[in-house]
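Here this note's numbering runs 21 ahead of the position in the sequence shown, where the first position is 1. In this text, a Cβ means the ideal position worked out from N, Cα and C, and glycines have one as well. Below is one structure, written out as C-alpha cells, with a few remarks after it.
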Amino acid sequence: MLAKRILVIGLIVAVLVVPFTGAHAILQTLSDFLSLGANTVREIQETLDLADEDVREILEELESSISGLMDELEETYQDNLNITIDSLDAVTRSKILEIEGLIGSVNDIIQEDIRLISDEAQNVLAEASLQIRRSALELEQSLENVIIVGGETVAFVLDKAVANAIIIVSIVLLGIGVLLFVWILFRRALPSQSIARTLALVFMLGYVVVFLALIFVPPVRTFVMTSTGIGLQQRLDRIVNEPRILEVRPEQIIIGQTGELEVWGSTLLPNGAIPEAAIGSQAVQFNATSNDLLVVNVSGVTGSTGSTNLTLTYPERDPITTVVRLLAPTPVPTPPDLQILNYIITPSSPTEGLNTQAQITVRNAGGTEARNFIVRWRPFATHPGLSQPISSLAPGASTTLTFNHSYVQPGVVDAIATADSTNSVSESVENNNDAVRRITVQEAPPRRANVTVTFTRLLVHDDADVGGEGEVFIRFDVNGQTARFPASGTRGMDNGEVATMSIPITVTLDETQDLRVFVRGTEGDGGLTGDDDDMGIVNEIFSFSNGPWGQGSHSDRSSCPDGCYTIDYTISVAFIP
Numbered sequence: 022m023l024a025k026r027i028l029v030i031g032l033i034v035a036v037l038v039v040p041f042t043g044a045h046a047i048l049q050t051l052s053d054f055l056s057l058g059a060n061t062v063r064e065i066q067e068t069l070d071l072a073d074e075d076v077r078e079i080l081e082e083l084e085s086s087i088s089g090l091m092d093e094l095e096e097t098y099q100d101n102l103n104i105t106i107d108s109l110d111a112v113t114r115s116k117i118l119e120i121e122g123l124i125g126s127v128n129d130i131i132q133e134d135i136r137l138i139s140d141e142a143q144n145v146l147a148e149a150s151l152q153i154r155r156s157a158l159e160l161e162q163s164l165e166n167v168i169i170v171g172g173e174t175v176a177f178v179l180d181k182a183v184a185n186a187i188i189i190v191s192i193v194l195l196g197i198g199v200l201l202f203v204w205i206l207f208r209r210a211l212p213s214q215s216i217a218r219t220l221a222l223v224f225m226l227g228y229v230v231v232f233l234a235l236i237f238v239p240p241v242r243t244f245v246m247t248s249t250g251i252g253l254q255q256r257l258d259r260i261v262n263e264p265r266i267l268e269v270r271p272e273q274i275i276i277g278q279t280g281e282l283e284v285w286g287s288t289l290l291p292n293g294a295i296p297e298a299a300i301g302s303q304a305v306q307f308n309a310t311s312n313d314l315l316v317v318n319v320s321g322v323t324g325s326t327g328s329t330n331l332t333l334t335y336p337e338r339d340p341i342t343t344v345v346r347l348l349a350p351t352p353v354p355t356p357p358d359l360q361i362l363n364y365i366i367t368p369s370s371p372t373e374g375l376n377t378q379a380q381i382t383v384r385n386a387g388g389t390e391a392r393n394f395i396v397r398w399r400p401f402a403t404h405p406g407l408s409q410p411i412s413s414l415a416p417g418a419s420t421t422l423t424f425n426h427s428y429v430q431p432g433v434v435d436a437i438a439t440a441d442s443t444n445s446v447s448e449s450v451e452n453n454n455d456a457v458r459r460i461t462v463q464e465a466p467p468r469r470a471n472v473t474v475t476f477t478r479l480l481v482h483d484d485a486d487v488g489g490e491g492e493v494f495i496r497f498d499v500n501g502q503t504a505r506f507p508a509s510g511t512r513g514m515d516n517g518e519v520a521t522m523s524i525p526i527t528v529t530l531d532e533t534q535d536l537r538v539f540v541r542g543t544e545g546d547g548g549l550t551g552d553d554d555d556m557g558i559v560n561e562i563f564s565f566s567n568g569p570w571g572q573g574s575h576s577d578r579s580s581c582p583d584g585c586y587t588i589d590y591t592i593s594v595a596f597i598p
C-alpha cells in the first residue's frame, strides 16, 4: 500500500531527525505525526531494558498507547497520510497537537539516562501515559463514524452512516430496476422502433452499471457524495509533491569554521529538480543532494552575526525558507609565545675590565599566560649564563630585565639572550626565544694612577768625616720629580745617627710605565769644591706588575763608596678612575 511506503519514509525521516530535535520538530502532515510516534516507540523499546520495574511498566503502557493510536490513524486515513494537520477539524487537530506535546515531553525524558531518572520525571512519564491514553481514546471515538477518502489535492471526510445508507439505497434501487427490466424484457414491452428500443436497452444497462458502481466502487460513491454534498463533513488539504524543510543541522553557522549545512526534509528534489540555495543574499552550492537531504557548502559564507534566511528556490514553485543563525567564531586562546622584544647592550662596544649592562625585554605574544620560566643572558657563547626567574607574564605583557658583566679579555663575542632557557613553557612558536648580539670587546687602556713616594727616615752608618760629624744632605728624584733633605744647607750627623722626615713626591703613571726611585747622599766639607764625600746612591725601579709599583714600605742601603746610609720610604698607589 501507498500508506505503508509513506509510513516507512516517515519513519526514516524521524529516526534521522528526532534524535537531534527532541520531539519538537514542526508537524505539518499526518505522516509527520506518525513518524514522530514511530520514532518514540523505537526509543521506548531501546530504553526498556535499562529501566527499573516501575518505570518499565509505565514505558510499556506508553508504547502500547502510542502504537495503538498510530495504527488507528493509519487505518483511518490509509492513503491520505499527507493531509495537513491544519486542515483537520478543530477537535482532531487539537487532540493530535496535544498528543504531540506529550510525546515531546516523553522524548525529552528518555533521551537522558533512564537509570538515573528522578521521581519528578517518573511522575511526568506516568501523567503523559495517562493523558495519551485518554486523548487517543477520544480521538479514536471521533474517527469511528467517518471515512477518509482522497482526491488529487484534497481529501474528504465522509459520514460512514450516510455512505452505508447510499449502499443500501443503491442495492434496493438496483433490485427494483433489475426486476422491472426483466419483466419488460419477458413481456416484450420494449418499443418497436429500433432507435427507441436501443435507447431503452442503453438506459437499462446504464442504470444497472451506475448502481453497481455505487455499491462496489468506493470512488464512485465518494464522487457522488462530494459532488452532491450528501454525507460530506469536511474537505482536507493535501500536500502533493511539495518540498518541505524539516530540520537544519547545525542550526548555527560559525563563520569561517562550519563547512557544511545539512538540510533535512521531504520531496526536496520534486520531479528531480535541484533548487538554488542562498543564505541571506549569498548564493551557496550543494556538496550532495537527495530527495530528503541537501548538503550545502557554507565554508565561504560571510556576513554579520545574527539570524538570516536559508532559501531554496525551485523552478515554477514558491521558494521555501528556514532560519539559520550566523555566529562569529569564538577565538581559541593561543598558547604563550615568549619573544625577545628588545635587547640592548650598553656600551655597544664594551671595554675590557669595565662593566657591561644588558637590558632584555621579554614579551608574551601568545594568548594565554606564561608561568614560571627563566630568562638567561650569556655574555659570550661559552659562558654558563646569568639567569633571572619570571613567575608570570600575561598575554600581550612584557617585562625588562637587567644583567651586568665585566669582560676579562678583548675580542669579538656573541652575547645571547634567551627567554625560557629551560623550555618550561609550552609555546605556539618555540624557535623565537633567542636573540644574539655580536659585539667587540675593546682592549682596556693602560690603567693610570697617582703614585706617591714618601721618604720617612735616614740612618747614617758612616758620615765620611773622620774628624767629627759629617755635614750631610740627601737629594731625592722620583721619575724626574726632585726634593732635598734638608730643604737647604746640610745637617750634621754622626755615625749611627737617625733623622726622621716626611717628604712626599707624587707622580702620575700608567701601567706601562716604571716607577724609578733615585736617592744620592753627600757629606759636604765646608762647602769647598772638590772636598765633598760621596755617601752613595739608592736606585730602585718598580714596574706595575710589582705590587703595583712596589706599593708598601721599603728600606734601602746606599752603595756606600765613602760614607754609607739607609733610607726608608713608603709607596702608595691611588688609581685614577
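Just list the residues that DSSP pairs residue i with in beta bridges.
i	result
I266	G286
H575	Y590
R346	Q273, S328
Q152	Q152 is not bridged to any residue.
S86	According to DSSP, which records beta bridges pairwise, S86 is partnered with nothing at all.
Q360	R384
N452	Paired residues: none, contrary to the question.
E544	V493, D554
V538	V499, E561
L314	W285
In terms of alpha-carbon separation, which member of the options lies closest to residue i?
i	options	result
P371	Q360, D435, L347	D435
S325	V319, D553, V383, R346	R346
T420	P410, V429, H426, S427	P410
S523	A184, A504, N567, G301	A504
D552	V319, P350, D583	D583
E188	W398, G327, I236, Q430	It is worth fixing the name first, because residue 188 is Ile in this sequence and not Glu. Of the listed residues, the one whose Cα sits closest to I188 is I236.
L94	S52, I274, A595, V538	S52
L407	I562, A186, V493, S427	S427
E184	V229, P240, A595	According to the sequence as given, residue 184 is Ala; it is not Glu. Taking only the C-alpha atoms, the option nearest A184 is P240.
E448	V429, G387, G122	G387
L13	T219, V446, Y228	Given that the chain is displayed from residue 22 to residue 598, the structure contains no residue 13 and the question cannot be resolved.
N454	F394, V199, E373	F394
E159	V433, G488, G89, H482	G89
T113	I79, L80, S156	S156
I274	A595, V284, L267	V284
T389	L414, D313, E148	L414
Q463	T355, P598, T377, A470	T377
Alpha carbon to alpha carbon, what distance is there between residue j and residue i?
i	j	result
R578	P467	33 angstroms
D486	E544	8 angstroms
V540	R458	55 angstroms
F497	L530	18 angstroms
I588	S566	24 angstroms
Q480	M556	The identity of residue 480 in the sequence shown is Leu, whereas the question assumes Gln. Using only the alpha carbons, I get a separation of about 12 angstroms.
G17	T477	With the chain running from 22 to 598 in the structure shown, residue 17 is simply not present.
E84	T61	8 angstroms
P340	S115	29 angstroms
S150	V127	9 angstroms
G286	S328	20 angstroms
V528	N452	57 angstroms
V38	T332	Confidence in V38 is poor, its pLDDT being 38 and thus under 50, which makes the residue's placement too unreliable to answer from.
I562	R537	4 angstroms
A520	V472	24 angstroms
Q534	S564	7 angstroms
V316	N308	5 angstroms
N500	Y590	15 angstroms
L362	R392	18 angstroms
The alpha helix (DSSP H) with residue i in it runs from where to where?
i	result
I276	From DSSP, I276 is part of no alpha helix (DSSP H); its letter is neither H nor E.
R458	Note, R458: premise wrong, no alpha helix (DSSP H); beta strand (DSSP E) at 455–462.
L235	215–237
T68	51–69
Assuming residue i is part of the beta strand (DSSP E), what are its boundary residues?
i	result
E492	491–499
R505	502–506
V305	303–310
A210	Segment: none, A210 is in no beta strand (DSSP E) and carries neither H nor E.
S419	419–427
S413	407–414
H482	469–483
Is residue i near the ligand NAP, with its Cβ less than 8 angstroms from a heavy atom?
i	result
P368	As for the ligand NAP, it is missing from this structure, which has no ligand bound.
Measuring only between beta-carbons, confirm whether residue i sits less than 9 angstroms from chain D.
i	result
T342	Here there is only one protein chain, and chain D is not present.
Meets three-Cβ-pair contact criterion under 8 angstroms: the segment 439–450 and the segment 388–402: yes
Segment contact flag, the segment 354–371 with the segment 292–301, C-beta cutoff 8 angstroms, min 3 pairs: no
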